Amino acid sequence: MIKYILNTENYTKENLVKLLQANLQERELIFEKSSSIKEEHIANKVYLRALIEFSNHCEKDCLYCGIRKSNSSPKRYTIPQEEIYKTIDIAIAKGYSSIVIQAGECKEPEFIEAIDNALIYAKDQSGGKLGITLSLGEQEKSTYKRWFDLGGHRYLLRIESSNKQLFETIHPRNENHSFETRLQKLKELKEIGYQVGTGVMIGLPNQTLEDLAGDLLFMKEFDIDMCGMGPYIVSPDTPLAKLAHKIPSEESRVDLSLKMIALLRLLMKDINIASTTALQTLTDRAREEGIKVGANIIMPNLTAVDFKDSYKLYNKKTDLKSHDDTLSAIEEQMTRVGHKVEIGNWGDSIHFQRKTTN
Ligand code: SF4
Numbered sequence: 043m044i045k046y047i048l049n050t051e052n053y054t055k056e057n058l059v060k061l062l063q064a065n066l067q068e069r070e071l072i073f074e075k076s077s078s079i080k081e082e083h084i085a086n087k088v089y090l091r092a093l094i095e096f097s098n099h100c101e102k103d104c105l106y107c108g109i110r111k112s113n114s115s116p117k118r119y120t121i122p123q124e125e126i127y128k129t130i131d132i133a134i135a136k137g138y139s140s141i142v143i144q145a146g147e148c149k150e151p152e153f154i155e156a157i158d159n160a161l162i163y164a165k166d167q168s169g170g171k172l173g174i175t176l177s178l179g180e181q182e183k184s185t186y187k188r189w190f191d192l193g194g195h196r197y198l199l200r201i202e203s204s205n206k207q208l209f210e211t212i213h214p215r216n217e218n219h220s221f222e223t224r225l226q227k228l229k230e231l232k233e234i235g236y237q238v239g240t241g242v243m244i245g246l247p248n249q250t251l252e253d254l255a256g257d258l259l260f261m262k263e264f265d266i267d268m269c270g271m272g273p274y275i276v277s278p279d280t281p282l283a284k285l286a287h288k289i290p291s292e293e294s295r296v297d298l299s300l301k302m303i304a305l306l307r308l309l310m311k312d313i314n315i316a317s318t319t320a321l322q323t324l325t326d327r328a329r330e331e332g333i334k335v336g337a338n339i340i341m342p343n344l345t346a347v348d349f350k351d352s353y354k355l356y357n358k359k360t361d362l363k364s365h366d367d368t369l370s371a372i373e374e375q376m377t378r379v380g381h382k383v384e385i386g387n388w389g390d391s392i393h394f395q396r397k398t399t400n
C-alpha cells in the first residue's frame with residue numbers, strides 16, 4: 043500500500059494518514075523518495091540561518107510555551123541594542139549569509155523601533171548582503187510592511203495546528219489568541235511580498251494523525267515558501283504540561299516529525315524546510331536525520347549565552363557551546379549525511395523564486 047501511494051503520488055488526507063502510520067521498514071520507502079526528490083529539485087545543499095533570540099518578553103499566553111506571559115520562571119530580557127549589533131557583526135564575520143531575528147510577541151513602539159534599528163544595522167554592516175528572516179509573531183500589517191521595506195524578506199509565523207479545535211485547546215480562548223487572526227496575518231505577510239513560513243507542533247495532546255495529515259495539506263494549499271516544524275516538547279511550567287501523559291513517546295514524536303518533513307517534501311518539492319532544534323533536543327543526530335529525509339535549513343543559535351538560557355520555549359533546550367563549535371560541528375554533521383553547507387548564499391526558497399518569476 044505504501045509503495046502504491048508513493049508511486050501514484052496520490053496524496054489525499056487518507057493516504058497521508060497511511061504514510062504517517064508506516065512502520066520502520068515502510069518508512070524507509072518514504073524517506074528514499076523524499077531524499078531523491080530533494081536532490082533532484084533543490085540539491086543536497088544546506089543553508090544556515092544564524093538565530094538571534096532578541097527578547098523573551100511576550101504579550102501572549104500560549105498554553106504550551108515556556109516564555110508565556112503568565113510564566114514567572116524565566117528571567118525576562120531584551121538584548122540591548124549594542125549587544126544585538128555585536129551579534130550581527132559576529133554573524134557577518136563568521137560568514138553567515140542569513141540571520142533570523144526571533145522574539146516573543148510585542149507590539150510596543152520601542153520594540154518595533156528596536157527591530158527597525160537591527161534591520162538597518164544588519165543591512166548597512168553587510169552592504170545589503172545579509173538575508174533576514176523575522177519571527178516576531180502577529181503584528182499590524184503596517185509593521186510587517188515597515189520591516190519588509192527595511193530589508194526583512196522572510197517571515198516565519200507558525201500556525202501550530204491547522205485544526206481550529208486543536209489550536210483552541212493549546213491557546214487561551216480569547217481575542218488575543220485567535221485562529222482566524224493567525225490565518226489573516228499569514229495572508230498579510232504573503233500580500234506584502236515576504237517569503238512566508240509556517241509550521242506545526244507534532245505530538246500534541248489529543249492530536250490525531252488526521253490532524254497532521256490536515257496540516258500537510260494546509261501548508262500545500264496555503265502555498266507556503268518555508269516550514270519550521272518539530273516535535274512538541276513539554277515545558278513543565280505550563281498549563282499544557284498537565285496533559286503530558288497524553289502525548290506520544292519521544293521516539294514516536296521523532297518518528298512522526300521525520301515523516302512530516304519527508305511528506306511535506308513530497309508535497310512541496312522546492313520549499314525550504316528547517317530541521318529544527320526541537321528535533322535535535324529529543325534525539326542526538328535527529329537534526330541530521332531531518333536533513334537526510336528532506337529538510338535543507340539549519341538554524342544555529344548565535345544568541346549570547348547570558349540570554350539564550352532564558353529563552354526556553356520548552357525544557358531540555360540544547361545548544362552547541364561556541365560559535366566555532368556550532369559552525370564546524372554542523373559542517374561535519376552535514377558531510378556525514380552527504381550534504382554540503384552553503385556559505386555566502388542566501389538560500390532563498392526556490393519555490394518562492396519560481397512563483398514570483400512566473
Ligand atoms: S509561543 Fe510565541 S506567542 Fe506564544 S507565548 Fe510563546 S513566544 Fe509568545
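Residue numbers for the sequence shown follow this note's numbering, beginning at 43 and rising by one. No residue lacks a Cβ here, since even glycine has one placed at the ideal position from N, Cα and C. The structure presented is a predicted model; accordingly, all values stated were derived computationally and were not measured.
Collapsed DSSP secondary structure at residue 76 in the structure displayed: Taking the first residue of the sequence shown as 1, we reach residue 76 at position 34. Residue 76 falls in the helix class under three-state DSSP.
CB of residue 110 within 8 Å of CB of residue 117, strictly: To locate residue 110, count along the sequence shown from 1; it is residue 68. To locate residue 117, count along the sequence shown from 1; it is residue 75. Going by C-beta atoms, residue 110 is not nearer than 8 Å to residue 117.
Pairwise C-alpha distance: residue 74 and residue 32: Because the chain spans 43 through 400 in this model, residue 32 falls outside it and cannot be assessed.
Opening and closing residue of the alpha helix (DSSP H) in which residue 256 lies: Numbered from 1 along the sequence shown, position 214 holds the residue referred to as residue 256. Unbroken alpha helix (DSSP H) run through residue 256: 251-264.
Proximity of residue 460 and residue 243 at Cβ, strictly below 8 Å: Outside the modelled stretch of the chain, which goes from 43 to 400, sits residue 460, for which no answer is possible.
Reduced DSSP secondary structure (H/G/I, E/B, other) of residue 85: Position 43 of the sequence shown holds residue 85. In the structure shown, residue 85 sits in coil (DSSP, three-state: anything other than H, G, I, E or B).
Environment of residue 403 [buried if 16+ CB atoms lie within 10 Å]: Not covered by the structure: residue 403. The range shown for the chain is 43 to 400.
Best match in 313, 264, 343, 180 for proximity to residue 79 [C-alpha to C-alpha]: Residue mapping note: residue 79 aligns to position 37 of the sequence shown, counting from 1. Out of 313, 264, 343, 180, 313 has the C-alpha closest to the C-alpha of residue 79.
Residue 136 versus 164, 382, 369, 152, residue with shortest Cα-Cα distance: Residue mapping note: residue 136 aligns to position 94 of the sequence shown, counting from 1. It is 369 whose Cα lies nearest to the Cα of residue 136.
At least three beta-carbon pairs within less than 8 Å, the region 162-170 to the region 230-240: no
Whole-angstrom distance between residue 296 and residue 315, CA atom to CA atom: Taking the first residue of the sequence shown as 1, we reach residue 315 at position 273. Taking the first residue of the sequence shown as 1, we reach residue 296 at position 254. Looking at the two C-alpha atoms, the distance is approximately 16 Å.
Inter-stretch contact at 8 Å, needing at least 3 Cβ pairs: the region 83-96 / the region 139-150: yes
Start and end residues, alpha helix (DSSP H) containing residue 46: The residue given as residue 46 occupies position 4 in the sequence shown. 44-50 is the span of the alpha helix (DSSP H), which, as asked, contains residue 46.
beta-carbon residue 149 near the ligand SF4 non-hydrogen atom, thresh 7 Å: Numbered from 1 along the sequence shown, position 107 holds the residue referred to as residue 149. Residue 149: no, Cβ never under 7 Å from the ligand SF4.
Length of the line joining the Cα atoms of residue 363 and residue 168: Translated into positions along the sequence shown, residue 363 becomes position 321. Translated into positions along the sequence shown, residue 168 becomes position 126. Unreliable positioning characterises residue 363 in this predicted model, as indicated by a pLDDT of 46, which lies under 50. The coordinate reading is nonetheless provided below. Each residue's alpha carbon lies about 25 Å from the other.
Closer than 7 Å: residue 272 CB and nearest the ligand SF4 heavy atom: Against the sequence shown, residue 272 aligns to sequence position 230. Not so, every heavy atom of the ligand SF4 lies at least 7 Å from the Cβ.
Anticipated Cβ contact below 8 Å, residue 240 with residue 208, distance rounded: Numbered from its first residue, the sequence shown carries residue 240 at position 198. Numbered from its first residue, the sequence shown carries residue 208 at position 166. 15 Å between Cβ atoms; not a contact.
The ligand SF4 heavy atom lying under 7 Å from the CB of residue 103: Position 61 of the sequence shown, counted from the first residue, corresponds to residue 103. For the ligand SF4, at least one heavy atom lies less than 7 Å from the Cβ of residue 103.
Cα-Cα separation, residue 258 to residue 145: Residue numbering aside, residue 258 sits at position 216 when the sequence shown is read from its first letter. Residue numbering aside, residue 145 sits at position 103 when the sequence shown is read from its first letter. One Cα belongs to residue 258, the other to residue 145, and the distance between them is close to 26 Å.
With 16 other Cβ atoms within 10 Å as the buried cut-off, status of residue 213: Within the sequence shown, residue 213 is the residue found at index 171, counting from 1. Classification for residue 213: buried.
Range of the contiguous alpha helix (DSSP H) that encloses residue 218: Within the sequence shown, residue 218 is the residue found at index 176, counting from 1. Premise fails: residue 218 is in no alpha helix (DSSP H) and is neither H nor E.
Any non-hydrogen atom of the ligand ZN within 7 Å of residue 146 CB: Annotation note on the ligand ZN: not contained in the displayed structure, which lists the ligand SF4 as its ligands.
Coarse secondary structure for residue 200, derived from DSSP in three states: On the sequence shown, position 158 is the one that residue 200 refers to. In this structure, residue 200 counts as coil in the three-state DSSP scheme.
Any non-hydrogen atom of the ligand SF4 closer than 7 Å to residue 110 Cβ: Position 68 of the sequence shown holds residue 110. Residue 110 Cβ: within cutoff of the ligand SF4.
Beta strand (DSSP E) segment containing residue 335, residue limits: The residue labelled residue 335 in the question sits at position 293 within the sequence shown. Judged by DSSP secondary structure, residue 335 falls outside any beta strand (DSSP E); it is assigned neither H nor E.
Alpha carbon of residue 391 to alpha carbon of residue 383, nearest angstrom: Within the sequence shown, the letter at position 349 stands for residue 391. Within the sequence shown, the letter at position 341 stands for residue 383. Straight-line Cα distance between these residues: approximately 16 Å.
DSSP three-state assignment for residue 328, whether helix, strand or coil: Here the question's residue 328 lines up with position 286 in the sequence shown. Three-state result, residue 328: helix.
Between the CA atoms of residue 333 and residue 249 - distance to the nearest angstrom: Indexing the sequence shown from 1 puts residue 249 at position 207. Indexing the sequence shown from 1 puts residue 333 at position 291. The alpha-carbon atoms of residue 249 and residue 333 are separated by roughly 25 Å.
CB-CB length for residue 306 against residue 61, believed under 8 Å: To locate residue 306, count along the sequence shown from 1; it is residue 264. To locate residue 61, count along the sequence shown from 1; it is residue 19. In fact, because the Cβ distance is near 11 Å, the residues do not count as touching under 8 Å.
Contained alpha helix (DSSP H) runs [length at least 4] in the region 109-181, N- to C-terminal order: Annotation: the region 109-181 contains the following complete segments of the alpha helix (DSSP H) (minimum length 4 residues), in chain order: 123-135, 151-167.
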